[in-house]
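The structure appears right after this line, and notes come after that.
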Amino acid sequence: MIYTEVYTAPEWNERECLRYAGTTPQAVSVEERSLFEACLKEAESKLTYKVCWGRFPVRRTENGLDFGFFKTDSKALMKNLEGCEEIIVFAATIGLEIDRLIRRYTSLSPAKALFFQAIGAERIESLCDAFCDDLKGKGLQLRPRFSPGYGDLPLELQKDLFRVLDCPRKIGLSLNESLLMSPSKSVTAIIGIGGRTEEEKNKCSACEKTDCAYRG
Amino acid sequence: MKFLEYLKNNILYLDGGMGTLLQAEGLQPGEHPERWNYEHPEVIVKLQKMYFDAGTNLIISNTFGANVLHFELEELDKIVKHALENARTAAAESTGTQEKFVALDIGPTGRLLKPYGDFDFEECVAVFAETVKLGVKYGADAIFIETMNDSYETKAALLAAKENSDLPVLVSNAYSEDGKLMTGASPAAMVAMLEGMGADAIGVNCSLGPKALAPIVEQYLEKASVPVLLKPNAGLPRDVDGKTVFDVLPDEFSDDVAELVKKGVRIVGGCCGTTPDYIRETVAKTTDVKPVPVTDKHITCVSSYTHAVEFGASPILIGERINPTGKKRFKQALVENDIDYILNEGLAQQEKGVHILDVNVGLPEIDEVEMLKKVSFELQAIIDLPLQIDTTDVTAMEQALRRYNGKAMINSVNGKEENMKDIFPLVKKYGGLVVALTLDENGIPDTAAERVAIAEKILKTAAEYGIDKKDIIFDTLAMAISADPNAAFATVNALKEIKERLGCHTSLGVSNISFGLPNRDFVTSTFFAMALENGLSAAIMNPHSADMMKTYYAYRALHGYDENCADYINFASNFVPAATTGTAAPQPAADQQEFKSQLQKAVVKGLKEQAGELTAKLLEETAPLEIVQNEIIPALDIVGKGYEQKTVYLPQLLMAAEAAKCAFEKIKAAMSTGNGSTAAKCSFVLATVKGDIHDIGKNIVKLLLENYGFDVADLGRDVAPELILEEVKRLHAPMCGLSALMTTTVPAMEETIKLIHAEAPWCKVVVGGAVLTQDYADRIGADKYAKDAMEAVRYADEINAAL
């Protein structure tokens, strides 16, 4: 069974948002601050927060993992799901309007487009956090979320995730030929249930790109 | 009995959910249910027979995802054939005595159309066309297009159905909790577009239960002149002890649906989670309800991909600024393919409050068909106002209407027989509200009576094409009073009679009236008031004219169309009279020490308006290029250096670049009227590589390069290597910049570099983007890795200097 959840605006993380825009709360100038706040105001009412998800058993085979709708031999995912009997697969999106705002301002005001990009990135991450917090609130022990394209997990998995979650119909999320998602501010991921219990403090630790500008 | 005939006098019952029932029969998650048509026909027949037994009139075939994106044509043929056969078998085996029909089901493709997805509109039409043709081949009674959550894809499906069959078409959309489609369309917008294109019934299905869908259905009932359909879910699914249950049971469901049938819904069924029980109870509770007749609502409207604009008592403003006539800078933009300039003209008019944008890009030296197509598409990507497609080129008209997302305004048709023969079929096929000019083979008549006579002829001919008068809006042609003192009367009297006696809406290009006179706005705005008083519904006008806007807001307030005069108060209290002389902004002394000039300060601080104004002021005395060299470039350097030294951050860098762009725009305008030439540096081809749609980084580089005087050819995002090479060769560009954000698209970048190095060895390739590092760049053979936009600019300057 695939479920659809509609959220109200999740908790706001300004520091993270400014980081996506290439600045910090300390460095931001008066002019930047006022533009940033204008963008926030313009975006606020236009965003929707939707998640669709399902729960699936994990079978371990000789070559790797089998979720029924998908088999993989990804080492990184196997490590991530060590000890997990079940996974949650979800797709989340904040809707198409943020893409429209970004596009509208791309030529009119690239500075605003940059802020809308950053707001979109922060909002979708916060939505994923809110969704995971909900699951934790139901008493589930969760592994860090793991998305297609992380480590050696192929982006091709997107096709299977989309089919099993019925994303276009459930939350209006579609996949293009290059396996990118529209609306662009969207996330798909696998979350292991149970397994190791200690929290992983750094979300970026699963990624091999150690010189990334956004590494936390 | 024929399907449409039955629908005329009866309530038509659809089937209920299939997905949940098929899962109970063993359909696995992720498995294609369409294959069950030939793998397990007995199961499909059994379920569909249960629906017929429950009272269903129209079974919708099990072909929701049956299209050539998911199946090879051969398998698709087999699926559709079996699907329709199964439904027919179910009808034959059912004990029900009601009329029984079978519809070909068409669901969404799951792909999002351009500009926000990567699926081309015409490709989408072609995909649906294949399924439609098979539906016709295997004898469907009707086509049921359903669960569409995007207006543009809905249009593609309906167009495919209309172009490939004569079958009745029912169109059903899936709305979100906010009462809009996922891509933003309101029910009124969908009604406008779908009715315009000739859908036989329209309505809503899926997503929510009947109570939650009621307000949306009621909007359909209020606006639609065709039968309305409703196919709700059994509420929302919930997990109870590992089992899926829906929260609206048959009793409540059928009560709610019956209420809506009494209000006028004519076609009902169930979607996700509903079963034959839901249909049986619905039939039982509505079988004695007398069907509410479907009446014509006489609504004159146009729509965009978000909303409809209705013509009524309050006047409609149509912005006239997207038009090259008499505008040097606009012509230059068309010739240079400067779409951004045109888009900004649109945005500026939207900010002034127009309801519709007129789009005219006709210029002898360009390909109007392509340009009109492109400009309407790009406008629809960023502006949610309906467009008025304005061209005399019939091919350009058709191409633009075909791809228009909504119901367009069409400018124009006239009383000439040949012209009506060209235009009316397009209005009929694509839908639209057409502006009809009261002129014919003999030109524009002098008297009002003769103009009205032409209007009557136009209405009569339109009726022969099946076009109702609600879709025609008359323009009685404003002519210059400087040439004929009676011109205004003839125009106004004609429109008054057309409004009152013929009952049609009217529109005028008001500006013509003052042609040849000084301070034209004085005359135009008074004429506008005069015409409004005589029944003018809409005006094609310049929203930047303060006089016109004064008339508009005052007229609405005076006629009681503006509740509490709120719009007028908002307009008038923010009104700033145009400065009579160019007084410069006050200059605080302290800043003068920090910056060399006010313009430099405005650019560095990113103050766009000020930068533009100060440049315009400077241009009165200083040569354009001097301003560039002595003011703008040094200001950009201050910011650029600050960015490199990490005292300035990315947003400020961009804000400064924007302010500089505003200054450059003034300089460009000054030079396009004078004889100066833009002292551009060399050309620079720029693109985000194939497979990657992240373009913010690329756009930043573009903005900075342009500010530094490079002639940037921006190919956009997701660009194939061959296209990039072609442009490099065409311009003999010494440099090409490639951007990629994702690791998965780096191979496409490598391929592009190899191709350029092999075929255009003179061209240096500079790369950048979040995933790239010096090491990566070296490995894929790039000439240069730029860690940020400033570094790309510095490198470009080096190459340019060495040329």
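As given, the protein sequences belong to chains A and B, one line each in that order.
Using the working numbering, the first residue of the first sequence is number 3, and each one after it goes up by one.
Using the working numbering, the first residue of the second sequence is number 637, and each one after it goes up by one.
We treat Cβ as the ideally placed atom computed from N, Cα and C, and that holds for glycine.
Taking DSSP's pairing of strands, which residues face T880(B) in a bridge? Answer is D875(B), bridged to T880(B).
Per the contact definition of three or more C-beta pairs closer than 8 Å, is the segment 19-26 of chain A in contact with the segment 80-89 of chain A? Segments in contact, no.
Residue environment, D1104(B), which counts as buried when at least 16 other CB atoms sit within 10 Å: Exposed, since its Cβ has fewer than 16 Cβ neighbours within 10 Å.
Bridge partners - I1332(B), DSSP secondary structure assignment: In the DSSP output, where bridge partners are listed per residue, I1332(B) has none listed.
Measuring CB to CB, does R106(A) end up less than 8 Å from I1090(B)? Their beta carbons are not under 8 Å apart, which means R106(A) does not touch I1090(B) by this criterion.
Could you please tell me which residues of the segment 750-769 of chain B, in chain order, have their CB closer than 9 Å to any CB of chain A? Look at the segment 750-769 of chain B: the residues with a C-beta under 9 Å from a C-beta of chain A are P751, Y752, G753, D754 and F755.
Helix, strand or coil: which one does DSSP assign to D1076(B)? Looking at D1076(B) - three-state DSSP - the assignment turns out to be strand.
Output the distance between the C-alpha atoms of V827(B) and L806(B), rounded to the nearest integer angstrom. V827(B) and L806(B): Cα-Cα distance of roughly 12 Å.
Determine the extent of the alpha helix (DSSP H) in which G771(B) is found, giving its start and end residues. According to the DSSP assignment, G771(B) belongs to the alpha helix (DSSP H) that extends over F757 to K773.
So what's S109(A) in DSSP terms, helix, strand or just coil? Reduced to three states, the DSSP call for S109(A) is helix.
Neighbour-count burial assignment, S1012(B), 16 or more Cβ in a 10 Å radius: With 16 or more Cβ atoms within 10 Å of its Cβ, S1012(B) is classed as buried.
Considering only their Cβ atoms, is the gap separating Y811(B) from I838(B) smaller than 8 Å? No. Outside cutoff.
Given a threshold of 16 other Cβ atoms within 10 Å of its Cβ, counted over all protein chains shown, does E1447(B) qualify as buried or as exposed? One cannot answer for residue 1447(B) here, as it falls past the ends of chain B, which runs 637 to 1439.
Less than 8 Å between CB atoms is the rule here; does E33(A) satisfy it with respect to chain B? Yes - at least one Cβ of chain B is within 8 Å of the one on E33(A).
Within chain A, partners of I1329(B) - CB distance below 9 Å: Under the 9 Å cutoff, chain A gives N178, S180, L182, S184 and S186.
Could you check where the beta strand (DSSP E) with R957(B) kicks off and where it finishes? For R957(B), the enclosing beta strand (DSSP E) stretches over residues I952 to I958.
I need the straight-line Cα distance from R35(A) to V763(B), nearest angstrom please. Each residue's CA atom was taken as its position, placing R35(A) and V763(B) some 48 Å apart.
Please list, in chain order, all residues of the same chain as R57(A) whose beta carbon is under 7 Å from its beta carbon, the five residues on each side excluded. Excluding positions up to five away in sequence, the list reads E88 and I90.
For V862(B), which of V901(B), C842(B), F882(B) and N841(B) has the nearest alpha-carbon? Nearest of V901(B), C842(B), F882(B) and N841(B) to V862(B), Cα basis: V901(B).
Can you list, in chain order, the residues of its chain with a C-beta nearer than 6 Å to that of R671(B)? Leave out the 5 residues immediately preceding and following it. Annotation for R671(B): no residue places its beta carbon closer than 6 Å to its own, counting only its chain and skipping 5 residues before and after.
Is any beta-carbon of chain B found at less than 8 Å from that of A23(A)? By this cut-off, A23(A) is an interface position.
Please report how far the alpha carbon of E7(A) lies from the alpha carbon of V53(A), in whole angstroms. About 5 Å.
Rounded to whole angstroms, what's the CA-CA distance from D1107(B) to T745(B)? Just pull it up for me. Approximately 31 Å, taken between the alpha carbons.
If you check the beta carbons only, do A1116(B) and G1152(B) fall under 8 Å apart? Going by beta carbons, A1116(B) and G1152(B) fall inside the 8 Å limit.
Look up A837(B) in the DSSP assignment and give the residues it is bridged to. Answer is L806(B).
So within the segment 1119-1205 of chain B, which uninterrupted beta strand (DSSP E) runs reach at least 3 residues, ignoring any that extend past its ends? For the segment 1119-1205 of chain B, whole beta strand (DSSP E) runs of length 3 or above, ordered along the chain, are 1141-1145 and 1174-1177.
In whole angstroms, what separates the C-alpha of E1256(B) from that of A1306(B)? Distance from the CA atom of E1256(B) to the CA atom of A1306(B), rounded to whole angstroms, is 10 Å.
Looking at the strands, I want to know which residues DSSP matches up with M784(B). Looking at the DSSP assignment, M784(B) forms a beta bridge with N809(B).
Under a Cβ-count criterion, where at least 16 other Cβ atoms within 10 Å of its own Cβ denotes burial, should I1205(B) be classed as buried or exposed? The residue is exposed, with fewer than 16 neighbouring Cβ atoms inside 10 Å.
Cβ-based burial, Y687(B) [other Cβ within 10 Å; buried from 16]: Buried is the call here.
Using 8 Å as the limit for Cβ to Cβ distance, is P27(A) near chain B? Interface residue (Cβ-Cβ distance to chain B less than 8 Å): P27(A) is not classified as such.
In this structure, how does DSSP classify T587(B) when only helix, strand and coil are distinguished? Absent from the model: residue 587(B). The displayed extent of chain B is 637 to 1439, so no value can be given.
Cross-chain neighbours of G70(A) in chain B, by beta carbon under 9 Å: Within 9 Å of the CB of G70(A), the CB atoms of chain B belong to Q664, P665 and G666, in sequence order along the chain.
Proximal residues of chain A, C-beta to C-beta of T783(B) below 8 Å: Listed along chain A, the residues sitting closer than 8 Å to T783(B) by beta-carbon distance are R171.
Using DSSP bridges, identify the partner residues of P59(A). According to DSSP, P59(A) bridges with E88(A).
G909(B), DSSP secondary structure in three states: Looking at G909(B) - three-state DSSP - the assignment turns out to be coil, as it is neither helix nor strand.
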